[in-house]
Amino acid sequence: MPSSTSKSTVSLSPLLMALFLDLLLLLSLCFSPSSSDARILRPTAAPTCIFRTLFRFGEGKTSLLHGLDLPRGHVSSSAGLPSPVFKNALFGSDSSFAAPGAVVMSPGFFVKNGISVQARDIAGNSLGSQIDRFLDLVSRSPERLRGTLFFVNEPGENDYKLAFKNGKSVGEVGRMVPEVVSAIKEQLKRLIGAGAVNLVVSGVPGPEDRRGAEGMEMFGRLHDDHLQQALVELKTEFPEVDIVYGNLEKMTEDGGHWALQSSHSAACKHSGRRRKAFLAR
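Numbered per mature numbering (1 follows the signal peptide of the UniProt record, and there is no 0), the sequence shown spans residues -38 to -1, 1 to 243.
Listed below in structure tokens is the structure:
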């Protein structure tokens, strides 16, 4: 006659097997990369991974609502960060190095292309100068890079705006795109060299003036195509780094949810482990 211990073991086996399978499913959801090429990021009540710090660079225009930076706020919400507050470049959970009117290119670029600018007006606001300030601070607090999301907002937008304000045609500005995107790529390399492993880089927004909008939309696509190709090249060069393209138009159309396009899921990396940062709709 079988012992009571044997009966208990037999009766518990299906339960243990079910628990084991549930555990495997949970692990696969948390650690497996996504096969989707387009992901919509949205806030979740209990995100599987939380970025502890958000550093922002590039264009720093703010919304009228509470003076907060609109795209930056959406990224903070999706990443599980507290509401964004400008902290004057001090390291906090959400620190901004961005500035209104920030450009990518040097004064020499504008002179070469016949674009009239005041060097003093753009030198201190450039993407390069923002990263210079960041590198100076991070050299004193390298531990801040763990669990960090880097957001580069609309790089190149103001360079193009200056060209259009100086009477340049869509075709003339379009010929500047490869050089501008190449400069953006080099600045992203500086962030990666400093230890960035999670980056979101947004494209340029659509035209504000609907007159001649078709040509401007084509120009915007030209820039974004070059930018996305540059991000693919960076991902190939630095496979350990997650670099994703932020689609501003999709974000607006989706009621404020942050839209990303990437060959991999947006991920948060801590101590070499890969975990999903967001849930896709």
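Each residue gets a CB set at the ideal place from its N, CA and C atoms; glycine is no exception. Being a predicted model, the structure only gives us computed values, none of them experimental.
If you compare the alpha carbons of F200, N160, F17 and I146 with that of E119, the shortest gap goes to I146. Within the DSSP secondary-structure output, F112 pairs in a beta bridge with F17 and L161. In this chain, the alpha helix (DSSP H) harbouring I146 covers V139 to A156. Here S164 has N115, E116, G208 and L210 as same chain residues with Cβ atoms under 6 angstroms from its own Cβ, once five neighbours each way along the sequence are excluded.
Remark: C-beta atoms of L153 and L196 do not approach each other more closely than 8 angstroms. S57 is bridged by DSSP to F17. In this structure, the beta-carbon distance from F59 to F96 falls below 8 angstroms.
One thing to note: V142 has its Cβ within 8 angstroms of the Cβ of D121. In this structure, DSSP gives S91 a helical state, which the three-state scheme calls helix.
Residue burial annotation: Q92 is buried, with at least 16 other C-beta atoms found within 10 angstroms of its C-beta. With 16 or more other Cβ atoms from the protein chains shown falling within 10 Å of its own Cβ, R18 counts as buried. Comparing C-alpha distances from V162 to each of Q190, G86 and G129 shows the shortest one belongs to Q190. Its chain contains G22 and N87 as the residues whose beta carbon lies nearer than 6 angstroms to that of A61, once the 5 sequence neighbours on both sides are disregarded; these appear in chain order. Our two residues, K74 and F200, have alpha carbons roughly 32 angstroms apart in a direct line.
According to the DSSP assignment, L124 belongs to the alpha helix (DSSP H) that extends over E119 to K127. Counting C-beta atoms within 10 angstroms of its own C-beta, G20 has 16 or more neighbours from the protein chains shown and is therefore classed as buried. Annotated three-state conformation of A192 is helix, per DSSP. One Cα belongs to F72, the other to P167, and the distance between them is close to 21 angstroms. Counting along the chain, F71 sits inside the alpha helix (DSSP H) bounded by residues P69 to K74.
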